[in-house]
Amino acid sequence: MIPPRTFVHLPLFLVAHAALAQTAGLSPKPAILDSVIVTATRSEQDVFSVPYTAHVIGRDDFLGRRAARTLPEALAETPGVMIQKTTYGQASPFIRGFTGFRTLMLIDGIRLNNATFREGPNQYWSTIDLLSVDRLDVVKGPSSVLYGSDAIGGTVNAITRTPQFAEGAVVSLSKDSSGKTQLGTAPGSGFAWSPGTYYRYASAENSHTARGELSLSLNPQMGFLGGATYKDFDDLRGGRRIGLQANSGYHEIDGDVKLVYNPAQGMEVTAAFQRVEQNNVPRTHSTVFSKSFDGTTVGTDLRRDSDQERNLAYLQLAWRDAAPWLEETKLSLSFQRQAETQDRVRDTLRRELTGFTDDQYGVLLGFRSPSPLGKWSYGLEYYHDEVDSFGRDFNADGSLRRIRSRGTVADDASYDLLGVYLQDQFQIGSRLEITAGVRYSYARAQAEQVDTDPGDSVDLGALDKSFDA
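Residues 0 to 468, numbered by numbering that gives the first Met the number 0, are exactly what the sequence shown covers, in order.
Dropping the structure here:
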């Protein structure tokens with residue numbers, strides 16, 4: 000039995016963790032991975048030995064010590080990272096001065112970035128449930144050979160939680176001399192289960208955040224983890240000059256499952272699904288509920304709320320030491336849907352309802368082999384986006400005024416992104432390490448509806464362009 004740990008931060012936070020582990024004869028050993036980073040070179044290396052400025056932010060830090068509320072806030076104390084917040088539920092990290100599509104966010108190595116990401120700050124990093132994350136790999140500066148041209152300011156990889164495995168014992172059922180069934184243990188495949196809970200209360204916004212999860216290991220070859228998170232944020236209470244910030248709260252429901260199977264020595268198969276749903280996240284600054292601060296202008300919208308939804312399903316294979324010339328192989332197949340709906344009511348009482356859905360299909364194939372001088376890292380990645388958008392305008396009385404040809408992004412659009420990379424990392428002497436690499440990238444954008452207003456005299460027509468470098 001692991002006793003509950005309670006962290007009290009007064010007057011702002013009260014955070015409670017409770018973890019319970021029960022195994023048949025052997026407790027699972029926690030994996031200590033804080034000193035290992037995989038994102039910098041696409042392979043596990045000590046964070047102090049990689050040729051990048053890198054950080055590993057562990058769960059004990061962003062949940063235990065700081066009780067961070069969202070994933071962007073978990074990066075707030077990282078040197079060289081600044082967090083911009085358009086609203087309480089929308090934040091965008093600046094890494095070495097870059098944000099938007101000039102920084103790359105990964106989830107277990109799969110891109111969060113898609114064809115709808117804009118140049119400036121965006122809210123999509125907040126659609127990752129921080130409570131489902133085990134650690135964050137942060138690589139500052141360009142990583143474009145390995146990850147592409149949007150990895151300029153930096154790359155962040157959210158490594159999600161994984162099942163705990165127990166070894167050395169198996170649950171067995173037997174009957175004694177009286178015929179009663181007895182539960183016992185025997186050497187063999189192993190069994191472990193570990194439920195856990197997390198609760199956070201913050202008086203600053205009268206918020207409640209709760210998560211429950213269950214890790215189940217049937218044997219050393221197979222493990223399961225499932226979790227659900229509920230977040231309810233009330234209106235934010237600012238400092239003395241601001242007070243209650245009306246129309247700033249929102250709520251969120253998240254869920255995730257992961258199945259890990261080890262069919263052979265050095266081989267791991269992972270299947271996972273994640274869902275995040277944010278409801279009525281207000282963009283307070285543009286509404287009449289905003290407050291002037293040092294001369295800023297109060298907004299005029301009566302409402303400007305966004306619903307965000309993200310679904311990710313993936314299947315990954317990792318195989319170590321498959322052959323003498325092949326140290327590591329990774330294959331990933333993924334599907335991710337990012338959906339957004341914005342409900343905006345102007346001061347004239349006219350209502351605008353706009354949104355989009357981006358369905359992204361991804362394939363990643365990576366290898367690591369010894370080179371004559373050091374280590375080769377090579378592979379390819381391909382992503383295909385299918386984008387649909389919509390827009391509807393309503394009169395003040397609620398009647399439909401017009402149906403737009405598209406929403407905030409092009410309708411009936413697709414985007415293809417292909418990258419092939421090769422990198423060699425080798426050492427000369429004891430103090431000099433050289434990383435040399437090359438990447439080929441190809442992109443194609445197609446769209447049927449790119450004209451925002453078909454009724455005017457400007458006809459933008461369709462779009463079909465390709466680029467490579």
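Cβ coordinates follow ideal geometry from the N, Cα and C atoms, glycine included.
Pull up the distance between the alpha-carbon of Tyr-51 and that of Pro-162, whole angstroms please.
-> 30 Å
Just tell me which of Thr-347, Tyr-439, Gly-96 and Thr-353 has its CA closest to the CA of Glu-339.
-> Thr-353
Who are the near neighbours of Arg-101 in its chain, counting only those whose CB is closer than 7 Å to its CB and skipping five residues on each side?
-> Asp-149, Ile-151 and Gly-152
How should Lys-28 be labelled, buried or exposed, when 16 other C-beta atoms within 10 angstroms of its C-beta is the threshold for buried?
-> Any reading at Lys-28 must be qualified, since the residue scores a pLDDT of 44, below 50, and its modelled position is unreliable; the value itself is stated next. Exposed, by the Cβ-count rule.
What residues are listed by DSSP as bridge partners for Asn-310?
-> Arg-274 and Arg-336
Taking all protein chains shown into account, do 16 or more other C-beta atoms lie within 10 angstroms of the C-beta of Glu-212, making it buried, or fewer, making it exposed?
-> buried
To which residues of the same chain is Gly-99 closer than 8 Å at the C-beta, ignoring the five residues directly before and after it?
-> Ser-91, Phe-116, Arg-117, Glu-118, Gly-119, Pro-120 and Asn-121
In this structure, what does DSSP give as the bridge partners for Glu-351?
-> Arg-343 and Asp-392
Whose C-beta lies closer than 7 Å to the C-beta of Gly-373 among residues of the same chain, with five residues either side of it excluded?
-> Asp-423, Gln-424, Phe-425 and Gln-426
Sufficient close CB pairs (3 or more, under 8 Å) joining the stretch 124-131 to the stretch 392-401 | no
Have a look at Arg-134 and Ser-305 and give me their C-alpha separation to the nearest angstrom.
-> 28 Å
Determine the DSSP secondary structure at Phe-190, reduced to helix, strand or coil.
-> coil
Considering only residues of the same chain and omitting the five flanking positions on each side of Glu-276, which have a CB-CB separation below 6 Å?
-> Ile-252 and Glu-308
What are the partner residues of Gln-471, as DSSP defines its beta bridges?
-> In the structure displayed, the chain extends from 0 to 468; residue 471 sits before or after that span and is not available.
Would you identify the three-state DSSP class for Ser-291, choosing helix, strand or coil?
-> coil
By Cβ distance below 6 Å, which residues in the same chain neighbour Ala-53 in space, the five residues on each side in sequence not counted?
-> Ile-36, Ala-39, Val-46 and Val-138
Specify the secondary structure class of Glu-447 as computed by DSSP and reduced to three states.
-> strand
With 16 other CB atoms within 10 Å as the buried threshold, where does Thr-22 fall?
-> Confidence is the limiting factor: at Thr-22 the pLDDT is only 32, short of 50, which leaves the residue's position unreliable, though a coordinate-based value still follows. Buried is the call here.
Can you tell me which of Asn-218, Arg-438, Tyr-200 and Ser-202 puts its alpha carbon nearest to the alpha carbon of Trp-192?
-> Asn-218
Cα separation between Phe-12 and Ala-75?
-> For Phe-12, the predicted model reports a pLDDT of 46, less than 50, meaning its position is unreliable; a value from the coordinates is still stated below. Straight-line Cα distance between these residues: approximately 17 Å.
Hey, is the stretch 265-280 in contact with the stretch 79-89, meaning 3+ C-beta pairs nearer than 8 Å?
-> yes
Host alpha helix (DSSP H) of Ser-143 (start-end) | 143-146
Contact check, Arg-367 vs Ser-42 under 8 Å by CB: the rounded distance?
-> 5 Å
Could you spell out where the alpha helix (DSSP H) holding Ala-73 opens and where it closes?
-> 70-73
So what's Leu-243 in DSSP terms, helix, strand or just coil?
-> strand
Buried or exposed for Trp-324, please, with buried defined as at least 16 other CB atoms from any protein chain shown within 10 angstroms of its CB.
-> exposed
Pick helix, strand or coil for Thr-299, following the three-state DSSP scheme.
-> coil
Leaving out the 5 sequence neighbours to the left and right, which residues in its chain are closer than 6 Å to Asp-255 when beta-carbon positions are compared?
-> Ser-131, Gly-226 and Gln-273
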